[in-house]
Amino acid sequence: NTRIVSFEIGVMNVTIASVWQKMLLRCRKTARTSEGMPMLWSIHPRVNRKRAFWEQEGPRTESRCEMDIGKCTTFIDKNSRILDIGCGTGRILEQFANSGHIGHLCGIDWSRPSLNIARTRTGKADLRVGDCRSLPYHEQSFDACILSAVLTCFVKTKDVKDILTEAYRVLKPSGILLITDFLLNPNMRNILRYTIGFFLYHHIGAFWAGYEFHHFRIRELRYLILSAGFEILEMAVLPVMSWRGHLETG
Numbered sequence: 017n018t019r020i021v022s023f024e025i026g027v028m029n030v031t032i033a034s035v036w037q038k039m040l041l042r043c044r045k046t047a048r049t050s051e052g053m054p055m056l057w058s059i060h061p062r063v064n065r066k067r068a069f070w071e072q073e074g075p076r077t078e079s080r081c082e083m084d085i086g087k088c089t090t091f092i093d094k095n096s097r098i099l100d101i102g103c104g105t106g107r108i109l110e111q112f113a114n115s116g117h118i119g120h121l122c123g124i125d126w127s128r129p130s131l132n133i134a135r136t137r138t139g140k141a142d143l144r145v146g147d148c149r150s151l152p153y154h155e156q157s158f159d160a161c162i163l164s165a166v167l168t169c170f171v172k173t174k175d176v177k178d179i180l181t182e183a184y185r186v187l188k189p190s191g192i193l194l195i196t197d198f199l200l201n202p203n204m205r206n207i208l209r210y211t212i213g214f215f216l217y218h219h220i221g222a223f224w225a226g227y228e229f230h231h232f233r234i235r236e237l238r239y240l241i242l243s244a245g246f247e248i249l250e251m252a253v254l255p256v257m258s259w260r261g262h263l264e265t266g
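For the sequence shown, the working numbering puts the final residue at 266, and the numbers step up evenly by one.
Rendered as structure tokens:
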């Protein structure tokens with residue numbers, strides 16, 4: 017039984033990225049022996065603020081990370097049972113409903129206020145409050161799952177692995193996983209916050225923007241998806257809009 021994943025990612029300048037990553041790794045090695053670094057790390061809040069952050073920001077800050085619904089329908093039958101993991105205010109589920117999809121639409125998010133908005137947009141969709149790292153669904157329940165700008169919200173590799181593993185678990189054999197997310201963007205705005213984020217989180221591509229976010233290296237994202245058991249069916253490069261309105265590579 018083959019599991020298939022289609023995800024949309026972008027390409028960054030290899031030379032710039034290589035130099036930048038080597039610089040950060042060298043800084044990290046130096047930081048471990050620096051007496052001043054524990055003080056820097058200690059000022060970073062360790063409390064998990066994700067749920068509280070999205071309870072407040074979710075309803076008023078809709079994700080702008082677009083998914084090509086027309087392209088998605090080439091992989092997903094109109095009668096398919098679809099789960100939007102981290103559905104937020106229901107934008108993508110609404111787009112599927114408007115495209116003529118007649119199968120069962122489901123969504124899960126940990127922001128109750130966002131789901132209240134989603135219910136006004138998606139009609140009969142089954143929406144639940146829950147954690148995408150532990151989905152409240154039986155194995156092989158869905159024909160397709162969607163992760164739109166969800167993985168970027170987690171810095172810890174274990175969290176990303178848990179999300180992908182759960183998506184694999186609830187998908188039927190030969191099910192489809194559609195992902196849109198963000199890659200490393202080698203512009204000055206991002207390089208500055210990646211550098212600060214590296215000292216805070218010890219992870220390349222991590223940064224703070226209200227709470228912790230993460231942009232992926234291509235090989236990192238490929239490894240995580242393949243490790244979850246998926247087969248990569250197709251990859252596409254396109255510009256994507258961040259929730260704060262910045263055009264990024266995704």
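Glycine residues also receive a C-beta, built at the ideal position from the N, C-alpha and C atoms.
At which residues does the beta strand (DSSP E) containing Ile98 begin and terminate?
Against the sequence shown, residue 98 aligns to sequence position 82. Segment Ile98 to Ile101, the beta strand (DSSP E) holding Ile98.
Ser164 classed as buried or exposed, judged by whether at least 16 other C-beta atoms fall within 10 angstroms:
Position 148 of the sequence shown, counted from the first residue, corresponds to residue 164. Label assigned to Ser164: buried.
Since I believe Ile98 is in contact with Gly119 (beta carbons under 8 Å), could you give me their beta-carbon distance rounded to a whole number of angstroms?
Position 103 of the sequence shown, counted from the first residue, corresponds to residue 119. Position 82 of the sequence shown, counted from the first residue, corresponds to residue 98. The pair is a contact, with the Cβ atoms about 6 Å apart (cut-off 8 Å).
Distance between Ser258 and Glu155 (C-alpha atoms, nearest Å):
As a first step, residue 155 is located in the sequence shown; it is residue number 139 there, counting from the start. As a first step, residue 258 is located in the sequence shown; it is residue number 242 there, counting from the start. A straight-line Cα-Cα distance of about 32 Å links Glu155 and Ser258.
Looking at the structure shown, is Ala222 part of a helix, part of a strand, or coil, going by DSSP?
Here residue 222 is taken as the residue at index 206 of the sequence shown, counted from 1. DSSP places Ala222 in strand when its eight states are reduced to three.
Any idea what DSSP makes of Gly213, helix, strand or coil?
Taking the sequence shown and counting its residues from 1, the one referred to as residue 213 is at position 197. Looking at Gly213 - three-state DSSP - the assignment turns out to be helix.
Using beta-carbon positions only, say whether Lys188 and Asp159 come within less than 7 Å of one another.
For this step, residue 188 is matched to residue 172 along the sequence shown. For this step, residue 159 is matched to residue 143 along the sequence shown. It is a contact, given that the beta carbons lie within the stated cut-off.
Is Pro255 helix, strand or coil when you go by DSSP?
Counting from one through the sequence shown, the residue named residue 255 turns up at place 239. Pro255: strand per DSSP, three-state reduction.
Do the CB positions of Phe229 and Thr138 come within less than 7 Å of each other?
Counting from 1 along the sequence shown, the entry for residue 229 is found at position 213. Counting from 1 along the sequence shown, the entry for residue 138 is found at position 122. For Phe229 and Thr138, no; Cβs fall outside 7 Å.
Look at Ser130 and Thr89 and say whether their C-beta atoms are less than 7 Å apart.
If you number the sequence shown from 1, residue 130 lands on position 114. If you number the sequence shown from 1, residue 89 lands on position 73. Taking the C-beta atoms as reference points, Thr89 is found no nearer than 7 Å to Ser130.
In the DSSP assignment, find the unbroken alpha helix (DSSP H) run with Leu240 in it and report its ends.
As a working note, residue 240 is residue 224 in the sequence shown. Counting along the chain, the unbroken alpha helix (DSSP H) around Leu240 starts and ends at Ile234 to Ser243.
Straight-line gap, Leu136 to Phe215 (C-alpha atoms, nearest Å):
Your numbering for residue 136 matches position 120 in the sequence shown. Your numbering for residue 215 matches position 199 in the sequence shown. Looking at the sequence provided, one finds Thr at residue 136 rather than Leu. The straight-line gap separating the alpha-carbon atoms of Thr136 and Phe215 is approximately 42 Å.
Span separating the alpha-carbon of Ile195 from that of Ile162
Taking the first residue of the sequence shown as position 1, residue 195 is located at position 179. Taking the first residue of the sequence shown as position 1, residue 162 is located at position 146. Straight across, the Cα-Cα distance linking Ile195 with Ile162 is about 6 Å.
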